[in-house]
Structures are given as structure tokens and as C-alpha cells.
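K.L.:
I'd like to ask some things about the structure below.
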Amino acid sequence: MRETTDFLVLGSGIAGLTLALRAAESGDVMIVTKRARDDANTTWAQGGISAVLDPTDTFEAHVADTLTAGAGLCKRDIVEVCVREGPARIADLVALGTRFTRAVDADGQSHFELGREGGHSARRVVHAGDITGREVERALLEAAEAHPRIRFFEHHMAVDLITLSKFGGPDVCVGAYVLDTQRAVVLTVLARQTVLATGGAGKVYLYTSNPDVATGDGVAMAYRAGAEVANMEFYQFHPTVLYHPQAKSFLISEALRGEGGVLRLEDGTAFMKKHHPMADLAPRDVVARAIDYEMKRTGEDCVWLDMTHHTADFLRHRFPNIHAECLRYGVDMTERPIPVVPAAHYCCGGVTTDAHGRTSIPGLWAVGEVACTGLHGANRLASNSLLEGLVFGSRAADLLSGASGDEAWPEVPDWDTGKAAPSDEAVVVTQNWDELRRLMWNYVGIVRSDRRLQRAARRIALLQEEIREYYWNHLVTLDMLELRNIATVAELIVASALCRKESRGLHYTLDHLETDLTQARDSVVKRGVGAHLR
Ligand code: SIN
């Protein structure tokens, strides 16, 4: 079966929807999304979107904070673009009907209520209570659903990108093979322009704040297609996810520490001051490492985030969702500290793009978490990610809209199942899934070493052999595709980490504790070439 479209967008989070809405002004858009359309990482974002919206704040300060967090690897021009275009993109969201929380000042003027998060020198996080992502996703989806030129394909997952070079033609992307996961058929989707907006890859680690959809599909497909991927060693661990046996990775937003939350040990000792002058509002990598260190030192299973200096009314009003969710697990944050642990949260690396989302393969674009624009460098500043999705989703759309074209569709073969049989041993998938995620957590987590990375590389190579064999002999399923993708992402994270012989930002290794100025370079990995610093 075949589909054609001007613009194929893989993913339905903030970046994909922003791009789709703008691109639909000049062509037809097909949005392919793995599960329900709102099942995206964006929906789970709590804190908000950073932008300079307060008259006392400045672009220069937001740029400086982003560069500081990025530990020498941010691209300054990209940071400038993103920060300066932020307020206009927030205005676009408001025009679409996004309801951000507002406050009234002493003069009776209504303005955005701005939150503060780690690494920010000012209050600049616009939010919708503590469910910002859900509100932004709602507004974007409503607009996209009402648009006559946008079609949604839910429960569809891209298997691989279609590049003409696979069939002896030029290196250009012309669409993707897409699995209809409910009917178990693979469509050939031909597109004038193909956009990766597939989000993150938190599921590559055993513990993550991400939803189940975050399996690094875009990075894995782009790599297989021969695109350049950068800075994959910089995986951000969020310091505070609810620690409870039944709570599946529920995020406790950094906005709590922005409101004066204090991290404590079980005996009540506040420990962040001894790790960083900004204490609980230190950059995220510092806080996650400090918690990891304290947990290992004391042997405790978690640390505690104390909000009890606030009144119960304030907490219920400012953090209604977190308050309610904690209560579901018997934790009343108005009365006692919340048990928290770090978990994998955000992939700072990704498919290399320019300032308009163009990847190294013509016809292929990447926006949002799947992309490596140069905004985050070695460590993302809190709440810069929704901002990046908005700004670059919109910038990419401006350029790609002029590139719909009307020439004849290229000749490409349909998906060939060959002798593949229905999956008869799903246990291969679950076994490899568990093993991979556990080894990534233990060997490639917050604190690394050369030996741990080498062990991980050897094991991943073995698992990949088994996964490859299973993939070629069986009909594709969603589970198998996700496993294949997290295995590829794991391989790229380890390969990138192994070529960086220093500690910088989120990459912290016991064998190379210092930051080395000569390594203030991106790691780049490409199929058939391997990883190196450039
Ligand atoms: C949070 O609310 O702590 C997450 C915000 C972010 O990751 O930027």
C-alpha cells in the first residue's frame, strides 16, 4: 500500500505539531504517530517553557545561563536565535489558545506567572500550573485537528526511512516505510520532505521520567540511513523522580526547587550546599550527581525533597498535579518531604541539524529532542527543550514549505516481507529489552568509567546480533522495532562516550575527571565511519 504527501512528519509532540501547522499553509501534511496522537513526551512536561518575558530579564542573561549549563559545547549563534525568538513563539501558542498561568501584580496588571528552575538566573519559565506540556499539546492538537490539510495516522510507526541511495540513486530521503501497528501491514509513504519529530530515548535506561513511546526511533532510523548523529554521550538525568515501588517514573518538577525546595538526607541534613554554591538550584547534572553520590555514600534508597516550608494552600495551588499524584501514593507533600531518585530524562545529542532543522541528508529534517541543533551543548538548561521544539519546528517549517515540488514520485519498491514468519518467541524481545536497559543504567549511567563503557559495548554488540537475526526472520512488530531502535541508540551513546576522554557536562567518567579544553568539540558518529570528536 502506498501513500503520498508533501510533508511527512514522524511524531506528534510540540516540535512536530508546530512544524505541521506552519507547513500546512503550503502543502499537505501527514502526521505519523506510534500510539494515540497525544501520547508524546511533550504531554508529560511539567515545568514549562523558558523565555525572556519579564521586563527585568534580558536575552543576554538567558543566553549566558544556557551557555553555562552547556559546558562549552553550545553553539552560540543557535542559542541566540532560540532565546531571541522565544517570546514570539510563546505569543503564537497563546494565539492558538494555550492557557498559561497568569498572576496579577500590585498595580492590578495581569502577566504570566513565571517560574524558576535550576541554572536560571531569573524567573523566566512560563507554565500552565504543573501540567504545561498537557496544555500546550491540547492547544496544538486542537489546531492541527481542525486543519483541512493535516491528516493523522495514529498507531503507525516508521520502520525505516526511504533514501534513494539504497536503490542506486542519490543520497536523498523520499519518505519512510511505516507499519500500521493495528493491521500489521507496512505502507510505503512517499513525501517531498520528511521530518523527524520523534522525541527522546529515555527508555534506553532502566529508570526514566519518559513515557513508553520514548525509544529513540528518529535517531536510530537517521543513523541507519547514514545521517550524522552528534553528542549522544550527553544524556541528562533528572534529579527528582518520585521514589515509590508503584509509581512508574513520575517526575517531580524542578519547579519545586525553584520555589525553595530543599534536598535532604533521611536524617534531615540538607546536602546540596556542599556540592555547589547554587545549592538546590545548581545545574541539573550537578544535582543528579550529588544525589547519586549521597545515595551511594549513605546506602539510602532515595533522598527527600522538602517543601514543607510552604503553606498547604500554596502547594495545592502551585503544584496541583504533583500534589494529587503524590497523595495517590500516600505521600502528602504539605506535611512531609517527597522521596525522590534521579532518572534518565533528556537526550541532549541527536541528529545533527543546522539552524533550520536540515540534517546531513537532503529531504530529511529533524526538530525537537531528536535533533542536535547545538542549543544544549553538553547539558540542557531546564525548560529549554519545549522552547527548542517551538523555535526550530517553526524555523524548519518556514524553509521546507518552499520545497514541496510537483515532480513525479520516484520509483521505490514496496516493503518486502520475504520469508519472514510471525513472531514465535516474543521472549527474545522482552529478554533483550530488560538486559539492555539494565546494563545501560549500571554501566552507562550518571557516573561512568572506561571499563564500564567497554563492558557495555561488548554486551550491546552481542544483543544486537541476536536482535538483527530476529528482525530479519520475523514479521515486524512495534515491540521489535522499538527494541531494535533502543539497541541502536545504546550503541551510539556508548560509542560517543568512549571517544570522549574527559568529564564535561553530563558525561562524567571516573577515569578522566577533568574537563580538557582540547576536547571542547562535538562527538560525531556516522554509520560505517564510527565515532570521533570533531
Ligand atoms: C521539570 O519540570 O523539572 C522538567 C523541566 C525540563 O526538563 O526542562
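Residue numbering for the sequence shown is 713 to 1246, as defined by our numbering.
Ideal placement from N, C-alpha and C gives every residue a C-beta, glycine not left out.
Just to confirm, is the Cβ distance from E715 to V901 under 8 Å?
P.N.:
Along the sequence shown, read from residue 1 onward, the residue named residue 715 stands at position 3. Along the sequence shown, read from residue 1 onward, the residue named residue 901 stands at position 189. Their beta carbons are under 8 Å apart, which means E715 touches V901 by this criterion.
K.L.:
Say the cut is 7 Å; is the CB of L1027 nearer than that to a heavy atom of ligand 1?
P.N.:
If you number the sequence shown from 1, residue 1027 lands on position 315. L1027 Cβ: outside cutoff for every heavy atom of ligand 1.
K.L.:
If you check the beta carbons only, do A783 and G1089 fall under 8 Å apart?
P.N.:
Position 71 of the sequence shown, counted from the first residue, corresponds to residue 783. Position 377 of the sequence shown, counted from the first residue, corresponds to residue 1089. The answer is yes: Cβ separation under 8 Å.
K.L.:
In the DSSP assignment, find the beta strand (DSSP E) that holds A1243 and state where it starts and stops.
P.N.:
Residue numbering aside, residue 1243 sits at position 531 when the sequence shown is read from its first letter. Its beta strand (DSSP E) spans residues G1242 to L1245.
K.L.:
Which value, in whole angstroms, describes the spacing of the CA atoms of E849 and D1223?
P.N.:
Within the sequence shown, residue 849 is the residue found at index 137, counting from 1. Within the sequence shown, residue 1223 is the residue found at index 511, counting from 1. Roughly 42 Å separates the two Cα atoms.
K.L.:
Determine the direct distance from the alpha carbon of R1149 to that of G760, and round the result to whole angstroms.
P.N.:
The residue labelled residue 760 in the question sits at position 48 within the sequence shown. The residue labelled residue 1149 in the question sits at position 437 within the sequence shown. If I take the Cα positions, the gap works out to 28 Å.
K.L.:
Between Y1058 and ligand 1, is there a pair consisting of the residue's CB and a ligand heavy atom that are separated by less than 7 Å?
P.N.:
Here residue 1058 is taken as the residue at index 346 of the sequence shown, counted from 1. Yes, the beta carbon of Y1058 sits closer than 7 Å to at least one heavy atom of ligand 1.
K.L.:
With F949 as the anchor, note down where its beta strand (DSSP E) starts and where it stops.
P.N.:
As a working note, residue 949 is residue 237 in the sequence shown. Residues Y947 to L954.
K.L.:
Where do the N-terminal and C-terminal ends of the alpha helix (DSSP H) with R1001 fall, by residue?
P.N.:
For the purposes of this step, residue 1001 is taken as the residue at position 289 of the sequence shown. Note, R1001: alpha helix (DSSP H), R996 to T1010.
K.L.:
By the three-class DSSP mapping on this structure, what secondary structure does R814 have?
P.N.:
What you label residue 814 is simply residue 102 of the sequence shown in a count that begins at 1. R814: strand per DSSP, three-state reduction.
K.L.:
Do L1193 and E1147 count as a contact pair if the criterion is CB distance below 8 Å?
P.N.:
Within the sequence shown, residue 1147 is the residue found at index 435, counting from 1. Within the sequence shown, residue 1193 is the residue found at index 481, counting from 1. No, they are not a contact pair.
K.L.:
Where does K787 fall in DSSP's three states?
P.N.:
Here residue 787 corresponds to residue number 75 of the sequence shown, with the count starting at 1. Looking at K787 - three-state DSSP - the assignment turns out to be coil, as it is neither helix nor strand.
K.L.:
What residues in its chain sit with their C-beta under 8 Å from that of H1219, if we drop five residues either side in the sequence?
P.N.:
Position 507 of the sequence shown holds residue 1219. So the list reads E945, F946, A1090, R1160, A1209 and R1212, once near-sequence residues are dropped.
K.L.:
Which class does V1188 belong to by DSSP, given the choice of helix, strand or coil?
P.N.:
If you number the sequence shown from 1, residue 1188 lands on position 476. It is coil, neither helix nor strand.
K.L.:
Just tell me which of F1104, P957 and F949 has its CA closest to the CA of E966.
P.N.:
Numbered from 1 along the sequence shown, position 254 holds the residue referred to as residue 966. Closest option to E966, Cα to Cα, is F949.
K.L.:
Is any non-hydrogen atom of ligand 1 found closer than 7 Å to the C-beta of H950, if you look at the structure I gave you?
P.N.:
Position 238 of the sequence shown, counted from the first residue, corresponds to residue 950. Under cutoff, so the answer is yes.
K.L.:
Using a 10 Å radius around the Cβ and a threshold of 16 neighbouring Cβ atoms, would you call H1252 buried or exposed?
P.N.:
Residue 1252 is absent from the structure shown; the chain starts at 713 and stops at 1246.
K.L.:
Taking 8 Å as the CB-CB limit, is V931 close to chain B?
P.N.:
The structure shown contains no chain B; it is built from a single protein chain.
K.L.:
Whole angstroms is fine: what's the gap from G1069's alpha carbon to K1131's?
P.N.:
Within the sequence shown, numbered from 1, the residue matching residue 1069 stands at position 357. Within the sequence shown, numbered from 1, the residue matching residue 1131 stands at position 419. Approximately 38 Å, taken between the alpha carbons.
K.L.:
Go ahead and pull the three-state DSSP assignment for W1127.
P.N.:
Counting from 1 along the sequence shown, the entry for residue 1127 is found at position 415. W1127 falls in the coil class under three-state DSSP.
K.L.:
Is any non-hydrogen atom of ligand 1 found closer than 7 Å to the C-beta of Q758, if you look at the structure I gave you?
P.N.:
Counting from 1 along the sequence shown, the entry for residue 758 is found at position 46. Result yes, Cβ under 7 Å from ligand 1.
K.L.:
I want to know whether the stretch 1198 to 1205 touches the stretch 900 to 918 - three or more CB-CB distances under 8 Å.
P.N.:
Contact between the stretch 1198 to 1205 and the stretch 900 to 918 is present, because at least three Cβ pairs lie under 8 Å.
K.L.:
Please tell me whether A934 and L908 are closer than 8 Å, where the distance is taken between their beta carbons.
P.N.:
The count along the sequence shown starts at 1 and reaches residue 934 at position 222. The count along the sequence shown starts at 1 and reaches residue 908 at position 196. The answer is yes: Cβ separation under 8 Å.
K.L.:
With burial defined as no fewer than 16 other Cβ atoms inside 10 Å of the residue's Cβ, what is the status of E854: buried or exposed?
P.N.:
Counting from one through the sequence shown, the residue named residue 854 turns up at place 142. Burial call: exposed.
K.L.:
Quick one: Cα of C1014 to Cα of K985, how far?
P.N.:
In the sequence shown, residue 1014 corresponds to position 302, counting from 1. In the sequence shown, residue 985 corresponds to position 273, counting from 1. Their backbone Cα atoms lie some 18 Å apart in a straight line.
K.L.:
Hey, would you say L876 sits closer than 8 Å to V886, going by beta carbons?
P.N.:
Residue mapping note: residue 876 aligns to position 164 of the sequence shown, counting from 1. Residue mapping note: residue 886 aligns to position 174 of the sequence shown, counting from 1. In this structure, V886 lies closer than 8 Å to L876 by Cβ.
K.L.:
At a threshold of 7 Å, does F993 count as lining ligand 1 (C-beta to nearest heavy atom)?
P.N.:
Translated into positions along the sequence shown, residue 993 becomes position 281. Here residue 993 is Leu; the residue named in the question, Phe, does not match the sequence. No - ligand 1 has no heavy atom lying nearer than 7 Å to the Cβ of L993.
K.L.:
At a cut-off of 7 Å, is A1249 close to ligand 1 when judged by its beta-carbon and the heavy atoms of the ligand?
P.N.:
Residue 1249 falls outside the range modelled here, since the chain spans only 713 to 1246, and no answer is possible.
K.L.:
How would you label M713, buried or exposed, when you count the other beta carbons within 10 angstroms and need 16 or more for buried?
P.N.:
Here residue 713 is taken as the residue at index 1 of the sequence shown, counted from 1. Exposed.
K.L.:
Quick one: grab the DSSP three-state call for E737.
P.N.:
Residue 737 sits at position 25 when you count from the first residue of the sequence shown. Coil at E737, not helix or strand.
K.L.:
Specify the secondary structure class of R1149 as computed by DSSP and reduced to three states.
P.N.:
Position 437 of the sequence shown, counted from the first residue, corresponds to residue 1149. Looking at R1149 - three-state DSSP - the assignment turns out to be helix.
K.L.:
Exposed or buried, H1029, counting other C-beta atoms within 10 Å across all chains shown (16 or more means buried)?
P.N.:
Translated into positions along the sequence shown, residue 1029 becomes position 317. Exposed.
K.L.:
With G749 and E866 assumed to form a contact (beta carbons below 8 Å), what rounded beta-carbon distance in angstroms separates them?
P.N.:
By one-based count along the sequence shown, residue 749 stands at place 37. By one-based count along the sequence shown, residue 866 stands at place 154. Per the sequence shown, residue 749 should be read as Arg rather than Gly. 5 Å between Cβ atoms; contact.
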